[in-house]
Each structure stands twice: as C-alpha cells, then as structure tokens.
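Engineer: Okay, handing you the structure first.
Protein chains: 2
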Amino acid sequence: MQIDSVNISQGASAATIICDALRRAIIEGRLNDGDALRQDEIARMFGTSRIPVREAIAMLEQQGLVVTQRYKGAVVAGISPQEAAEIWDFRALLEGHVIEAAVPRMTAATFARARRHLDAFAKTANPRDWGELNRQFHTTLYAASDLSYHLTVIDKALDRVDRLLRAQLSLSNGLARATEEHEAILAACEAGNPEQAGQLTRQHILGAKANLLAQINRD
Amino acid sequence: MQIDSVNISQGASAATIICDALRRAIIEGRLNDGDALRQDEIARMFGTSRIPVREAIAMLEQQGLVVTQRYKGAVVAGISPQEAAEIWDFRALLEGHVIEAAVPRMTAATFARARRHLDAFAKTANPRDWGELNRQFHTTLYAASDLSYHLTVIDKALDRVDRLLRAQLSLSNGLARATEEHEAILAACEAGNPEQAGQLTRQHILGAKANLLAQINRD
DNA sequence: ATAATGAATATTGGATACAATATGCAATAC
DNA sequence: GTATTGCATATTGTATCCAATATTCATTAT
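In the order they appear, the protein sequences are chains A and B. Going from the first sequence to this note's numbering is simple: count from 1 and add 4. Going from the second sequence to this note's numbering is simple: count from 1 and add 4.
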C-alpha cells in the first residue's frame with residue numbers, strides 16, 4: 005500500500021501570513037505611500053493578537069516596504085523620484101547581467117513558460133496584475149541563470165518599484181510598447197543571443213525609467 | 005539664551021538593539037553557521053522578555069543571516085561555496101560599477117578618510133576587525149557615488165560573506181596582498197581614473213573569491 | 001543488546017495584561 | 001477670536017501567561 009506522506013508541521017506562522025498579505029497589498033497599490041499600518045486593526049482583520057502583526061511589520065521594514073518610528077507606528081514607505089531612478093538603474097545593471105548569464109542555459113520549457121507570461125501580460129485588462137505578470141515574464145527568463153542570490157535581490161528591487169510600474173504602464177501606449185519590448189527580448193533569448201538579450205533588457209528598463217521620470221516632472 | 009535641543013524620544017527599541025547585537029555577533033564570527041538562537045537565553049542576556057527577541061529574529065531572517073523553522077527556532081544561516089561564489093561575483097559586478105560612478109565625485113576628504121581606513125586595516129592584529137575595517141575602506145570610496153540603494157544592497161551582501169573574509173585573509177599573505185590592492189584602488193581613485201578603479205576593484209574581489217574557493221576545495 | 005513507547009521537560013507561538021508614549025479635544029487664558 | 005493647557009483616549013512596546021509542538025530520557029518490550 006502506497007501512502008503519500010505530507011509534512012503537517014510546516015504551516016505558515018501568523019506573522020508570515022500577515023507579512024505576505026501586507027507586502028502584496030503594498031506592491032499592488034492597495035496600500036499607498038504614507039498609509040499607517042495600525043497594529044490593532046490588522047490584528048482584528050486577521051483574527052490574531054498584535055504580536056504576530058508586530059513581527060510582520062519588523063520583517064516588512066527590513067524589506068524596505070515600511071518605515072517605523074518608535075512609539076508612532078509604521079507607515080508604507082514612500083519612494084522619491086531620485087530613489088526610483090536609482091533603483092531602475094540598479095535593475096538595468098543587474099538584470100542585464102543576469103539575462104546574459106541565463107541565455108545559454110535556457111531550454112524550450114523556459115521559452116514556453118515565458119511566452120505564456122508574456123501573453124498573459126499583453127492581454128490583461130487589470131492594472132493590478134501588471135506588476136506580477138511583468139515580473140513573472142522577466143524572472144522566468146532570469147531563473148535559467150541559476151543565480152539565486154541575484155534573483156532575490158532583483159525581486160526585492162521590484163518590490164520597491166512595482167507600484168510605479170503601474171503608473172508608467174498607464175501612460176499612453178505604455179502597455180503596447182512594453183509588450184513589443186518583451187517580444188524582442190524573448191526573440192533574442194530564443195535566438196541564443198545573450199548580448200542582444202542583455203542590451204534589450206537594459207533598454208527596456210531604462211526606457212521605462214525615462215518615461216516615468218518625464219511624467220513625474222510633468223506633474 | 006541658546007539651548008541645544010535633542011530629540012529624546014528616539015532611543016532604540018529593545019528589538020532593534022538585540023537585532024544589531026546578534027547581527028554583529030554573526031558577522032564577526034562569534035556565532036557560527038548552524039548555531040541555535042535560543043529565545044529564552046537571549047532574552048535573559050538582554051534583560052528583556054522573549055517578544056523583542058522574536059522581533060529581532062524576524063528581522064535577521066529577512067537579512068538572510070538566520071533561518072527559522074516553525075516550532076524549532078532559529079539557527080545562524082550557513083553559506084555554501086556556490087552561494088559564496090555567487091555573492092562574490094555579485095559584489096564584483098556591483099562594486100565595480102559603484103566605484104566607477106563614485107570616482108568623479110570624490111573629494112580630498114574622501115581620500116583622507118579612505119586612507120585612514122586603509123591604514124587601520126593594514127595594521128590591525130585582530131582578525132575580528134578585518135571585516136569592519138575592510139568594509140569601511142570600500143564603502144568610504146563608494147559613498148561618493150551617492151547611490152544609496154546600491155550601497156544598502158552591497159552592505160547586505162557583505163553581511164553575508166564577512167565571516168568568510170576572515171578565512172580568506174588568514175591565508176598566507178592574504179592581509180598583505182589585500183592591503184596592496186587597497187593601495188592600488190585608492191591610487192586609481194586619487195588619479196581620477198574610474199575605469200582603473202573599477203577594474204582593480206573587480207580584480208580585488210574576484211581574486212579574494214578565487215583564493216577562498218581554492219582553500220575550500222583543499223579542505 | 002536494541003527498539004519502541006510514553007511521560008516529563010524544554011522551547012516556540014501567540015494571547016492577554018500592563019506600562020509608556022502620542023494624539024485629540026475640551027476647557028481655560030489672553 | 002487664537003493660543004495654551006490638561007486630561008482622556010488611542011496606540012505602541014513589552015511583560016507575563018497559556019497553548020502547541022519538539023526533544024529528551026526512563027521504562028518496557030522484543
């Protein structure tokens with residue numbers, strides 16, 4: 005008789021669940037810069053005491069997503085145009101490098117998966133999904149590099165700027181242009197051309213940065 | 005009458021104090037890979053309850069310095085040779101870039117400060133100080149770049165590998181060689197040569213990586 | 001002897017209670 | 001009217017306690 009065993013002791017802790025939910029809410033724009041995170045309110049929402057909420061907030065602060073001040077609580081971290089610009093440059097440097105390392109190791113399964121994410125991104129009507137779908141497209145390609153530390157750092161950088169991605173894609177023609185650029189990046193990967201994939205990725209990121217900064221300066 | 009006001013409300017929380025102390029202990033090698041972090045013991049040492057200790061541990065986990073398992077507590081994170089190698093490559097990429105951006109913005113005060121850190125590094129006899137002094141030398145140079153996000157990410161990477169730095173510097177001639185390389189980097193900065201500073205920084209980091217990996221493979 | 005079992009103890013997870021600080025609002029002063 | 005003060009309330013920080021789970025060790029079975 006064959007019994008499938010499952011590890012029943014590793015359900016997520018309350019703090020982890022709350023941290024993930026808050027992180028998602030911040031990234032997807034449901035919580036905005038400067039919004040206060042009230043410990044008692046969040047505890048009520050999750051049916052728990054404040055202790056795991058505090059632990060979740062401590063985690064989020066380490067991720068740069070919230071800022072706490074002693075005795076005054078936590079607020080969602082803002083991001084200045086200068087910081088956003090720097091993070092975009094950072095991403096161009098790092099993601100360009102990672103995709104170059106990844107291309108020689110990509111398989112047909114990589115391409116198929118990336119194609120699915122690209123298509124989903126292109127056809128979604130819900131702005132809230134753009135960040136996640138964009139991320140899935142890119143990180144599927146990068147994952148072939150096997151550079152897990154790099155990927156973790158990229159994920160963290162994306163967490164910080166995803167809310168701005170929505171603003172940038174909302175620009176006239178933003179979505180169509182991003183989709184074209186994704187197509188070109190995927191084509192370079194499929195052609196086995198690391199230099200071109202890297203170059204296109206850097207242009208893609210820096211182009212998005214330029215658009216967004218232009219919008220901020222116009223506002 | 006002139007009164008100097010001070011902000012008296014911003015002492016660090018217990019969790020922050022504990023987190024910083026544990027982080028330092030890990031980085032400096034006083035806590036080793038796999039060491040358990042016992043909540044009750046740490047709470048006693050700091051004269052507090054376990055709650056701030058739990059918060060501190062949650063923070064450290066986000067920093068990649070400890071690994072927790074539900075109901076089993078936290079242990080100091082290990083680092084495999086592969087992960088160490090990747091982080092060194094990561095540092096070469098990032099720090100090379102940052103110092104190139106920094107060179108054109110460096111001042112005489114930068115050089116004087118870096119010189120002091122270089123000298124302190126060269127003459128210390130205490131291996132426990134190598135990581136911090138090495139870090140101060142490099143980050144003094146990088147700070148002129150004004151790339152604060154990059155610097156934060158570099159600091160985090162250094163936190164992960166500083167304990168290995170000690171091993172690498174303990175190698176025959178490791179300290180003398182690192183000092184020579186620091187001298188060359190500083191000279192390139194003083195000469196206002198970003199490309200050379202970047203190149204020497206990358207070589208410095210990748211050379212340290214190669215030495216360490218050779219030692220690991222010998223063991 | 002080794003392996004299995006069960007109870008006691010240790011440790012973690014988090015609920016509740018208390019202490020410390022911040023905020024808001026009504027009352028008072030000018 | 002505006003500014004200041006003082007008190008009540010709200011919120012954060014953490015101590016204490018209880019519940020849940022893991023580990024250890026003595027006892028029993030083979």
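For glycine and all other residues, C-beta sits at the position ideal for the given N, C-alpha and C.
Output the boundary residues of the beta strand (DSSP E) element that contains residue 78 (chain B).
Structural biologist: Locating residue 78 (chain B) in the second sequence gives position 74, counting from the first residue. Note, residue 78 (chain B): beta strand (DSSP E), 77 to 80.
Engineer: Check for me: the beta strand (DSSP E) holding residue 73 (chain B) runs from which residue to which?
Structural biologist: For the purposes of this step, residue 73 (chain B) is taken as the residue at position 69 of the second sequence. From DSSP, the beta strand (DSSP E) with residue 73 (chain B) extends over 70 to 73.
Engineer: Taking the Cβ atom as the reference point for each residue, do residue 61 (chain A) and residue 35 (chain A) lie within a distance shorter than 9 Å?
Structural biologist: In the first sequence, counting from the first residue as 1, residue 61 (chain A) sits at position 57. In the first sequence, counting from the first residue as 1, residue 35 (chain A) sits at position 31. Contact: no.
Engineer: If residue 208 (chain A) sits next to residue 187 (chain A), beta carbons under 8 Å apart, how far is it from one beta carbon to the other, in whole angstroms?
Structural biologist: Along the first sequence, one-based indexing puts residue 208 (chain A) at 204. Along the first sequence, one-based indexing puts residue 187 (chain A) at 183. About 11 Å; that fails the 8 Å criterion.
Engineer: Less than 9 Å between CB atoms is the rule here; does residue 151 (chain A) satisfy it with respect to chain B?
Structural biologist: Numbered from 1 along the first sequence, position 147 holds the residue referred to as residue 151 (chain A). Yes, its Cβ sits closer than 9 Å to a Cβ of chain B.
Engineer: Tell me which same chain residues have a C-beta within less than 7 Å of the C-beta of residue 144 (chain B), skipping the five on either side of it?
Structural biologist: The residue given as residue 144 (chain B) occupies position 140 in the second sequence. Answer for residue 144 (chain B): 114, 117, 118 and 121, listed in chain order.
Engineer: Under 9 Å between the Cβ atoms of residue 162 (chain A) and residue 95 (chain A)?
Structural biologist: To locate residue 162 (chain A), count along the first sequence from 1; it is residue 158. To locate residue 95 (chain A), count along the first sequence from 1; it is residue 91. Yes, they are a contact pair.
Engineer: Can you check which of these residues, A:198, A:222 and A:216, is closest to residue 107 (chain A) by C-alpha distance?
Structural biologist: Within the first sequence, residue 107 (chain A) is the residue found at index 103, counting from 1. Ranking the options by Cα distance to residue 107 (chain A), first place goes to A:198.
Engineer: When burial is assigned at 16 or more other CB atoms within 10 Å of the CB, is residue 149 (chain A) buried or exposed?
Structural biologist: Position 145 of the first sequence, counted from the first residue, corresponds to residue 149 (chain A). With 16 or more Cβ atoms within 10 Å of its Cβ, residue 149 (chain A) is classed as buried.
Engineer: Is residue 174 (chain B) close to chain A? Criterion is C-beta to C-beta, closer than 9 Å.
Structural biologist: Taking the second sequence and counting its residues from 1, one reaches residue 174 (chain B) at position 170. So, not an interface residue.
Engineer: What's the C-alpha gap between residue 213 (chain A) and residue 89 (chain A)?
Structural biologist: Walking along the first sequence from the start, residue 213 (chain A) turns up at place 209. Walking along the first sequence from the start, residue 89 (chain A) turns up at place 85. If I take the Cα positions, the gap works out to 6 Å.
Engineer: Would you say residue 6 (chain B) reaches chain A, if we count a Cβ-Cβ gap shorter than 9 Å as a contact?
Structural biologist: Residue mapping note: residue 6 (chain B) aligns to position 2 of the second sequence, counting from 1. Confidence at residue 6 (chain B) is low in this model, with a pLDDT of 42, below 50, so its placement is unreliable and no value can be given for it.
Engineer: In chain B, which residues lie less than 7 Å from residue 110 (chain A) when you measure between Cβ atoms?
Structural biologist: Here residue 110 (chain A) is taken as the residue at index 106 of the first sequence, counted from 1. Near residue 110 (chain A) there are no residues of chain B at all, since even the closest Cβ is about 19 Å away, more than 7 Å.
Engineer: Using a beta-carbon distance cut-off of less than 9 Å, what residues from the segment 140 to 171 of chain B approach chain A?
Structural biologist: Those residues of the segment 140 to 171 of chain B that come within reach of chain A (Cβ to Cβ, closer than 9 Å) are 150, 151, 152, 153, 154, 156, 157, 160, 161 and 164.
Engineer: Which residue comes first and which comes last in the alpha helix (DSSP H) that contains residue 189 (chain B)?
Structural biologist: Here residue 189 (chain B) refers to the residue found at position 185 when the second sequence is read from its first residue. Element bounds for residue 189 (chain B): 178 to 194.
Engineer: Considering only the alpha carbon of each residue, which of A:142, A:21 and A:31 lies closest to residue 167 (chain A)?
Structural biologist: In the first sequence, residue 167 (chain A) corresponds to position 163, counting from 1. That would be A:31, whose Cα lies nearest to the Cα of residue 167 (chain A).
Engineer: Does any C-beta atom of chain A lie closer than 9 Å to the C-beta of residue 66 (chain B)?
Structural biologist: By one-based count along the second sequence, residue 66 (chain B) stands at place 62. Chain A contact via Cβ: present.
Engineer: Does the segment 37 to 44 of chain B come within contact of the segment 75 to 88 of chain B, defined as at least 3 CB pairs closer than 8 Å?
Structural biologist: Yes, the segment 37 to 44 of chain B touches the segment 75 to 88 of chain B.
Engineer: Which residues of the segment 94 to 107 of chain A have a Cβ closer than 7 Å to any Cβ of chain B? Give them in chain order.
Structural biologist: Against chain B - using a Cβ distance shorter than 7 Å - the residues of the segment 94 to 107 of chain A are 94, 97 and 101.
Engineer: Are there 16 or more other CB atoms within 10 angstroms of the CB of residue 172 (chain B), so buried, or fewer, so exposed?
Structural biologist: Stepping through the second sequence from its first residue, residue 172 (chain B) is reached at position 168. It is buried - the Cβ of residue 172 (chain B) has at least 16 other Cβ atoms within 10 Å.
Engineer: So, with DSSP's three-state summary, where would you put residue 16 (chain B)?
Structural biologist: Looking up residue 16 (chain B) in the second sequence gives position 12. Three-state DSSP puts residue 16 (chain B) in coil, outside helix and strand.
Engineer: Hey, could you find the ends of the alpha helix (DSSP H) residue 32 (chain B) is sitting in?
Structural biologist: In the second sequence, the residue the question calls residue 32 (chain B) occupies position 28. It is not in any alpha helix (DSSP H) - residue 32 (chain B) carries neither H nor E in the DSSP assignment.
Engineer: Shortest alpha-carbon distance to residue 98 (chain B) belongs to which of A:49, A:157 and A:181?
Structural biologist: Within the second sequence, numbered from 1, the residue matching residue 98 (chain B) stands at position 94. The residue with the shortest Cα to Cα distance from residue 98 (chain B) is A:157.
Engineer: Answer yes or no: does any C-beta atom of chain B fall closer than 9 Å to that of residue 63 (chain A)?
Structural biologist: To locate residue 63 (chain A), count along the first sequence from 1; it is residue 59. Output row for residue 63 (chain A): interface = yes.
Engineer: What three-state label does DSSP hand residue 168 (chain A) in the structure shown?
Structural biologist: Looking up residue 168 (chain A) in the first sequence gives position 164. Of the three classes helix, strand and coil, the one that applies to residue 168 (chain A) here is helix, per DSSP.
Engineer: By DSSP, does residue 129 (chain A) sit in helix, in strand, or in coil?
Structural biologist: As a working note, residue 129 (chain A) is residue 125 in the first sequence. The answer is coil: DSSP assigns residue 129 (chain A) none of H, G, I, E or B.
Engineer: With a CB to CB cut of under 6 Å and the five nearest residues on each side skipped, what residues in its chain are close to residue 140 (chain B)?
Structural biologist: Locating residue 140 (chain B) in the second sequence gives position 136, counting from the first residue. Only 121 meet the Cβ criterion.
Engineer: Residue 28 (chain B) CB to nearest chain A CB: under 9 Å?
Structural biologist: Translated into the one-based positions of the second sequence, residue 28 (chain B) becomes position 24. No, residue 28 (chain B) does not count as interfacial toward chain A.
Engineer: Does DSSP put residue 148 (chain A) in a helix, a strand or coil?
Structural biologist: As a first step, residue 148 (chain A) is located in the first sequence; it is residue number 144 there, counting from the start. Looking at residue 148 (chain A) - three-state DSSP - the assignment turns out to be coil, as it is neither helix nor strand.
Engineer: Can you pull the chain B residues whose beta carbon is under 8 Å from the beta carbon of residue 19 (chain A), in chain order?
Structural biologist: Position 15 of the first sequence holds residue 19 (chain A). Neighbours of residue 19 (chain A) on chain B, chain order: 62.
Engineer: Excluding sequence positions up to five away, which residues of its chain have a Cβ less than 8 Å from the Cβ of residue 68 (chain A)?
Structural biologist: As a position in the first sequence, residue 68 (chain A) is number 64, starting the count at 1. If we look at residue 68 (chain A) and ignore the five residues flanking it on each side, its Cβ neighbours are 81, 160, 163 and 164.
Engineer: How would you list, in chain order, the residues of chain B whose beta-carbon sits under 7 Å from the beta-carbon of residue 58 (chain A)?
Structural biologist: Translated into positions along the first sequence, residue 58 (chain A) becomes position 54. 59, listed in chain order.
Engineer: Let me check you understand the geometry: is the CB of residue 134 (chain B) closer than 8 Å to at least one non-hydrogen atom of the ligand GTP?
Structural biologist: This structure lacks the ligand GTP; in fact it carries no ligand of any kind.
Engineer: Quick one: measure Cβ to Cβ for residue 211 (chain A) and residue 170 (chain A), integer angstroms, because I've assumed they're closer than 8 Å.
Structural biologist: Within the first sequence, residue 211 (chain A) is the residue found at index 207, counting from 1. Within the first sequence, residue 170 (chain A) is the residue found at index 166, counting from 1. Actually they do not touch by this definition, with Cβ atoms about 16 Å apart.
Engineer: Unbroken beta strand (DSSP E) runs of length 3 or more, entirely within the segment 80 to 114 of chain A: which are they?
Structural biologist: Entirely contained in the segment 80 to 114 of chain A, not one beta strand (DSSP E) run reaches 3 residues.
Engineer: Can you give me the start and stop residues for the alpha helix (DSSP H) that residue 52 (chain A) sits inside?
Structural biologist: Residue 52 (chain A) sits at position 48 when you count from the first residue of the first sequence. It is not in any alpha helix (DSSP H) - residue 52 (chain A) carries neither H nor E in the DSSP assignment.
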